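Have a look at the structure below, then the notes.
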Ligand SMILES: *Cc1c(COP(=O)(O)O)cnc(C)c1O
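Numbering (this note's numbering), first residue to last: 19 to 492.
Below is the structure:
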């Protein structure tokens, strides 16, 4: 451990230092792909030093790309240095944070409270837990919502399931994340009972349409039970009008859930936009997004944690524990039993940054997104497609002159892969209001304005290649 540990520490430092000098991403050559994906189970073991060599030579050359200052794809951050440093310690310690009297679960109480405090979510003692990500946090939150609705209507969803009851209806915007219908399907609600509420020109939930949909469902004998708002959509970073949605939820006895997986952190610098977040019954927030906590780490926050405990607690006799400040075990509030020590990487990241550091990170990255949007606006061959609310700029390439929409869509659909292939920048696309769009999400504090200029150059170069290829006869 002594010698190899030092080698691994060197390798980590060398790798991190080399990232900005490497291609952001590169395709995996066939031979390496075969090695990575097709290895046979070793009949006998090998020394640890060989494994370190394999990782150096055959794993680290093929990153996803996040970590590079010119990675703008999806919502994937560089790892926080503090998080990287403590990972081996968490593995060496190796607790199960299901619960109990040891450092892991106790530290988890602190970091969950810190996360709630950061974004201004009222945090009752024990009102949350870390999860694998926001997808799992959403399942936890919506299960609590389902539990509350069933209880209120006098039935026991845990014992009887959903059969024989009026359908529970969930409301989410057209820009809501796919984890919402996924959770609805898993919870037996049925995707047919997920209403897609249209968005306004800024990609925010249309609250008038929400009210109308709730009324229609009620009139038809269905049971509206939950509205899931977005605080930072993946496509454009839009934040729904949370205060107004909270009003609708209160008026119609709906559970108010907020998907702030990526964007909730924006509340540290822009309280006005996120006003109403504090009224949510539950909030899903991903420390492994904007905060840069190494994957994986999500968080479910609950205004009334007893409902989640009602929804999940199933304590076999060998796990009974009356301690834990009366809160029970974390495993009583979610789906996982054996739970990793995620709290250490969150604790390290937040302790290293402090509130000031988080504010600086959010200010810097949102500032860069606004700068990028300004560059797009001034360019003759680029067109903004959405306002910047958080750290995402959405736009498209539009060469001067008349060009049919279809052709424009085809071009913009092809640009991300071509940019990625070139290796100098990485961005991904999406569909926005029926049009193919490019979107750049900025999460890396090391990104500079020069990197943004390079991204736009790369988009132009990619488009030029694609236009030449397309105009070639045959
Ligand atoms: C990433 C994301 C999710 C899904 O979270 P995972 O951590 O990937 O499970 C949900 N909603 C939004 C807005 C996201 O950005």
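Where a beta carbon is used, it is the ideal one built from N, C-alpha and C, also for glycine.
Since the structure is predicted, the reported quantities are computational estimates derived from the model, not experimental observations.
- Going by DSSP, residue 137 is part of the alpha helix (DSSP H) stretching over 121-137.
- C-alpha of residue 223 to C-alpha of residue 275: approximately 14 Å in a straight line.
- Between residue 55 and residue 391, the alpha-carbon positions lie close to 40 Å from each other.
- Across the set 486, 181, 185 and 490, the C-alpha of 185 shows the shortest separation from the C-alpha of residue 244.
- With a cutoff of 6 Å, residue 304 counts as near ligand 1, since its C-beta is closer than that to a heavy atom of the ligand.
- Taking a C-beta distance under 7 Å as the contact criterion, residue 299 and residue 279 do not qualify as a contact pair.
- Distance from the C-beta of residue 63 to the nearest heavy atom of ligand 1 is not below 6 Å.
- For residue 294 against residue 261, the beta-carbon gap comes to about 3 Å, under 8 Å, which counts as contact.
- Look at residue 282: its beta carbon is at least 6 Å from all of the heavy atoms in ligand 1.
- With respect to residue 359, residue 108 sits close: the two C-beta atoms are nearer than 7 Å.
- With a threshold of 16 other beta carbon atoms within 10 Å, residue 226 falls short and is exposed.
- Here the alpha carbon of residue 242 sits roughly 6 Å from the alpha carbon of residue 232.
- Shown here for residue 80: same chain residues with a beta carbon closer than 6 Å to its own, the five before and five after excluded, namely 46 in chain order.
- With the rule of 3 Cβ pairs closer than 8 Å, the segment 395-413 counts as touching the segment 456-465.
- Per the coordinates, the alpha-carbon of residue 446 lies some 27 Å from the alpha-carbon of residue 209.
- Short note on residue 258: C-beta not closer than 6 Å to any heavy atom of ligand 1.
- If you look at residue 246, you'll find it in the beta strand (DSSP E) that goes 241-248.
- Per DSSP, the continuous beta strand (DSSP E) segment holding residue 274 begins and ends at 273-277.
- The nearest non-hydrogen atom of ligand 1 is less than 6 Å from the C-beta of residue 197.
- Beyond the five residues adjoining it in sequence on each side, residue 197 comes within less than 7 Å, by CB distance, of 152, 153 and 156 in the same chain, given in chain order.
- Residue pairing by DSSP places residue 459 opposite 410 in a beta bridge.
- Contact check for residue 460 and residue 387: beta-carbon distance about 5 Å, within the 8 Å limit, so the pair qualifies.
- In the displayed model, residue 297 falls within a helix according to three-state DSSP.
- DSSP links residue 186 through a beta bridge to 241.
- Put simply, the segment 468-477 does not touch the segment 98-106. Fewer than three CB pairs are less than 8 Å apart.
- Using a C-beta cut-off of 8 Å, the segment 315-324 makes contact with the segment 134-143, since at least three inter-stretch Cβ pairs fall below that distance.
- The beta carbon of residue 70 lies closer than 8 Å to those of 22, 25, 26 and 29 in the same chain, with the five residues before and after it left out.
- In terms of side-chain proximity, the C-beta atom of residue 194 is found no nearer than 6 Å to any non-hydrogen atom of ligand 1.
- If you compare the alpha carbons of 189, 288, 376 and 383 with that of residue 217, the shortest gap goes to 189.
- 7 Å or more divides the Cβ of residue 367 from the Cβ of residue 286.
- Between the beta-carbon of residue 239 and that of residue 255 there is about 37 Å, and that puts the pair past the 8 Å contact cut.
- For residue 153, the Cβ falls inside the 6 Å cut-off from some heavy atom of ligand 1.
- According to the DSSP assignment, residue 149 belongs to no alpha helix (DSSP H) but to the beta strand (DSSP E) extending over 146-149.
- Around the beta-carbon of residue 444, 16 or more other beta-carbon atoms lie within 10 Å, marking it buried.
- Between residue 346 and the set 118, 334, 213 and 308, the nearest pair of CA atoms involves 118.
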